[in-house]
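Student:
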Amino acid sequence: MDLSIVVPTFNEGANVRELLRRLAATLDGTAYEVVFVDDSTDDTPDVIRGAAETSEVPVRLLHRERPVGGLGGAVVEGVRAASGDWCLVMDGDLQHPPEVIPELLERAGRGDVDVVVASRYMSGGTSKGLAGSVRTAVSRLSTVLTKAMFPRKLHGCSDPMTGFFLVHRPALELETLRPRGFKILLEILARRQLRLAEVPFDFAERYAGRSKASFTQGVRFLTQLTMLRFGRMSAFALVGGFGALANLAIMWALIAVGVEYVWAAIVASEITIVTNFLLLEYLVFADMRADSGLMRHRFAKSFTFNNIEAVIRIPVLWVLVEATHLPSVLAAAITLLAAFVVRFVFHALVVYAPRKRRPEPATAATVSADEIAA
Ligand code: GDD
Ligand code: MN
55 MDLSIVVPTF NEGANVRELL RRLAATLDGT AYEVVFVDDS TDDTPDVIRG
105 AAETSEVPVR LLHRERPVGG LGGAVVEGVR AASGDWCLVM DGDLQHPPEV
155 IPELLERAGR GDVDVVVASR YMSGGTSKGL AGSVRTAVSR LSTVLTKAMF
205 PRKLHGCSDP MTGFFLVHRP ALELETLRPR GFKILLEILA RRQLRLAEVP
255 FDFAERYAGR SKASFTQGVR FLTQLTMLRF GRMSAFALVG GFGALANLAI
305 MWALIAVGVE YVWAAIVASE ITIVTNFLLL EYLVFADMRA DSGLMRHRFA
355 KSFTFNNIEA VIRIPVLWVL VEATHLPSVL AAAITLLAAF VVRFVFHALV
405 VYAPRKRRPE PATAATVSAD EIAA
């Protein structure tokens, strides 16, 4: 079995040597390489280079100058660059004990599965290392929600959120993955029905450094879930729905303080045009940004489109209110709904249209030629 160990790292310098040491101790006698996919802003790449020089096994470093897709994006780059057919993905902070790897390999070696998941939530596993009861509750809840949304594909997987798994690369279609943030295993399992087995493990405390999990990662995860389950248009609709509510709330507040309804509608629209663009950038189209040119060009297109839309919509609103005597906020809601479909089509096909073809797998442009073999 050819084995590549893929480790995403973001400012994990203090963990690198200890990780390599424990891997070497556990995998003595097994042939493997370690591929670090690094997006660090500190000296972690130098630490990895230094450790590579004294390592008995090949240690490679892919340092990404232009990180795309966060942790998940890093894992996909690593799997793409790996030379082994079996890729073991694990965190670089030793929360995933290397000592479990032989069990994962043994399970894969039986030849009847495409992926072996190291699970905190099956019997024999624990999640003690998860910092705090809030984080534990969030993890539990999102696991249940996710399993409910993919009952068939995640059947037999008690921990689709884990970042510790062994996967047979030929079973993956790397081009179909849209990694965004932390939940890369979920992305892999939700795209395609894979044959799966699990091995329990104890999620440990961090060896050194700090977690990069955040509230933003949580929002990103919910977007990913929506997109995987219902497609991009529904995520777009959620953002649009949120924007429409914000629009109406601002309009209502302005009318309440005495602003004339047409002016209130104009101000409310301008504010939500900007906030909606930001939500689209960072959530709905996050995976398409890298290929669709400059952010300010996208903003110009989106802003122009939405203003033209508003220029059409606000007179329509006026006619609607004057002719039918509907309450102005209700009439505004009707016009916002009508504008939704046109806006989705324009953004998906024009604003986020790819500028260049996606890089071919072997020459991923985002990975600098910063590779060392020891
Ligand atoms: N290359 C790269 N780019 N690596 C990253 C990035 C990034 O943007 N963000 C985080 N990492 C690396 C970290 O350096 C670490 O090696 C690993 O990904 C996990 O990050 P942590 O910050 O330690 O996350 P965590 O411990 O809170 O979350 C882990 O456990 C969760 C289970 O509750 C991850 O494995 C999650 O995927 C997992 O869901
Ligand atoms: Mn961690």
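In this note's numbering, the protein residues as written are 55 to 428.
Virtual Cβ for every residue (Gly too), placed ideally from N, Cα, C.
So what does DSSP say about Tyr86, is it helix, strand or coil?
Tutor: In the sequence shown, residue 86 corresponds to position 32, counting from 1. Three-state DSSP puts Tyr86 in a strand.
Student: Considering just the uninterrupted stretch of the alpha helix (DSSP H) at Glu324, what are its terminal residues?
Tutor: Indexing the sequence shown from 1 puts residue 324 at position 270. For Glu324, the uninterrupted alpha helix (DSSP H) run begins and ends at Tyr315 to Leu333, by DSSP.
Student: So Leu115 and Ile102 are in contact, right, with Cβ under 8 Å, and what is the actual spacing, rounded?
Tutor: Here residue 115 refers to the residue found at position 61 of the sequence shown. Here residue 102 refers to the residue found at position 48 of the sequence shown. Confirmed, Cβ separation roughly 5 Å.
Student: Along the chain, where does the beta strand (DSSP E) that runs through Pro156 open and close?
Tutor: As a working note, residue 156 is residue 102 in the sequence shown. Where Pro156 is concerned, there is no enclosing beta strand (DSSP E), although the alpha helix (DSSP H) it sits in stretches over Ile155 to Gly163.
Student: Can you find a heavy atom of the ligand GDD that lies under 8 Å from the Cβ of Ile59?
Tutor: Taking the sequence shown and counting its residues from 1, the one referred to as residue 59 is at position 5. The answer is no for Ile59.
Student: Considering Phe219, what are the terminal residues of the beta strand (DSSP E) in which it resides?
Tutor: Indexing the sequence shown from 1 puts residue 219 at position 165. In the DSSP assignment, Phe219 falls within the beta strand (DSSP E) that extends over Phe219 to His222.
Student: So, Leu74 versus Tyr261, is the Cβ gap smaller than 9 Å?
Tutor: To locate residue 74, count along the sequence shown from 1; it is residue 20. To locate residue 261, count along the sequence shown from 1; it is residue 207. No, the Cβ-Cβ distance between Leu74 and Tyr261 is not below 9 Å.
Student: Please identify the residue among Val169, Cys211 and Ala162 whose C-alpha is closest to the C-alpha of Ser177.
Tutor: For the purposes of this step, residue 177 is identified with residue 123 of the sequence shown, where counting begins at 1. Per the Cα distances, Cys211.
Student: Does Val91 get closer than 9 Å to chain C when you measure Cβ to Cβ?
Tutor: Looking at the structure shown, chain C is missing, and only one protein chain is on hand.
Student: When burial is assigned at 16 or more other CB atoms within 10 Å of the CB, is His379 buried or exposed?
Tutor: Along the sequence shown, read from residue 1 onward, the residue named residue 379 stands at position 325. Under this definition His379 is an exposed residue.
Student: Which class does Glu252 belong to by DSSP, given the choice of helix, strand or coil?
Tutor: Your numbering for residue 252 matches position 198 in the sequence shown. Glu252: strand per DSSP, three-state reduction.
Student: My output table needs one value for Arg246: the three-state DSSP class, helix, strand or coil.
Tutor: As a position in the sequence shown, residue 246 is number 192, starting the count at 1. The answer is coil: DSSP assigns Arg246 none of H, G, I, E or B.
Student: Using only the alpha-carbon positions, how far apart do Ala136 and Gly127 sit?
Tutor: In the sequence shown, the residue the question calls residue 136 occupies position 82. In the sequence shown, the residue the question calls residue 127 occupies position 73. Approximately 14 Å between the Cα atoms of the pair.
Student: Please indicate yes or no: does the CB of Asp213 lie closer than 8 Å to some heavy atom of the ligand MN?
Tutor: As a first step, residue 213 is located in the sequence shown; it is residue number 159 there, counting from the start. No, Cβ of Asp213 sits at least 8 Å from all heavy atoms of the ligand MN.
Student: To the nearest angstrom, how far is the alpha carbon of Phe331 from that of Thr84?
Tutor: Sequence index remark: in the sequence shown, residue 331 carries index 277 (1-based). Sequence index remark: in the sequence shown, residue 84 carries index 30 (1-based). Rounded to whole angstroms, Phe331 to Thr84 spans 50 Å at the Cα level.
Student: How would you label Pro408, buried or exposed, when you count the other beta carbons within 10 angstroms and need 16 or more for buried?
Tutor: Translated into the one-based positions of the sequence shown, residue 408 becomes position 354. So Pro408 counts as exposed.
Student: Have a look at the DSSP bridge pairing and note the partners of Thr180.
Tutor: As a position in the sequence shown, residue 180 is number 126, starting the count at 1. In the DSSP output, where bridge partners are listed per residue, Thr180 has Asp256.
Student: What did DSSP end up calling Arg114 once you bin it into helix, strand or coil?
Tutor: In the sequence shown, the residue the question calls residue 114 occupies position 60. In this structure, Arg114 counts as strand in the three-state DSSP scheme.
Student: If you drop the 5 nearest sequence neighbours on each side, which residues of the same chain put their C-beta closer than 8 Å to that of Leu228?
Tutor: Working through the sequence shown from its first residue, we reach residue 228 at position 174. If you ignore the 5 residues before and after Leu228, its C-beta comes within less than 8 Å of the C-beta of Val130, Val133, Arg134 and Pro415, all in its own chain and listed in chain order.
Student: Closer than 8 Å to a non-hydrogen atom of the ligand MN - does that hold for the CB of Gln149?
Tutor: Along the sequence shown, one-based indexing puts residue 149 at 95. Yes; taking the cut-off as 8 Å, the Cβ of Gln149 has a heavy atom of the ligand MN nearer than that.
Student: So, is Ser187 buried or exposed, given that buried needs 16 or more other C-beta atoms within 10 angstroms?
Tutor: On the sequence shown, position 133 is the one that residue 187 refers to. By the beta-carbon neighbour count (other beta carbons within 10 angstroms, threshold 16), Ser187 is exposed.
Student: Hey, Val171 and Leu250: beta-carbon distance below 9 Å or not?
Tutor: For this step, residue 171 is matched to residue 117 along the sequence shown. For this step, residue 250 is matched to residue 196 along the sequence shown. Cβ atoms of Val171 and Leu250: closer than 9 Å.
Student: Residue range of the alpha helix (DSSP H) that Ala385 falls in?
Tutor: Within the sequence shown, the letter at position 331 stands for residue 385. That run of the alpha helix (DSSP H) goes Ser382 to Phe400.
Student: Could you check whether the Cβ of Ser265 sits closer than 8 Å to any heavy atom belonging to the ligand MN?
Tutor: Residue numbering aside, residue 265 sits at position 211 when the sequence shown is read from its first letter. Because some heavy atom of the ligand MN lies under 8 Å away, the Cβ of Ser265 counts as near it: yes.
Student: With 16 as the cutoff for other CB atoms within 10 Å, does His222 come out buried or exposed?
Tutor: Locating residue 222 in the sequence shown gives position 168, counting from the first residue. So His222 ends up on the buried side.
Student: If you follow the alpha helix (DSSP H) that Leu77 is in, where does it begin and where does it stop?
Tutor: Residue mapping note: residue 77 aligns to position 23 of the sequence shown, counting from 1. Looking at the DSSP string, the run of the alpha helix (DSSP H) that includes Leu77 is Gly67 to Thr80.
Student: Under 7 Å Cβ to Cβ from Ala258, same chain only, skipping five residues before and after it: list those, please.
Tutor: As a position in the sequence shown, residue 258 is number 204, starting the count at 1. The answer, listed in chain order, is Leu148, Gln149, Pro151 and Gly183.
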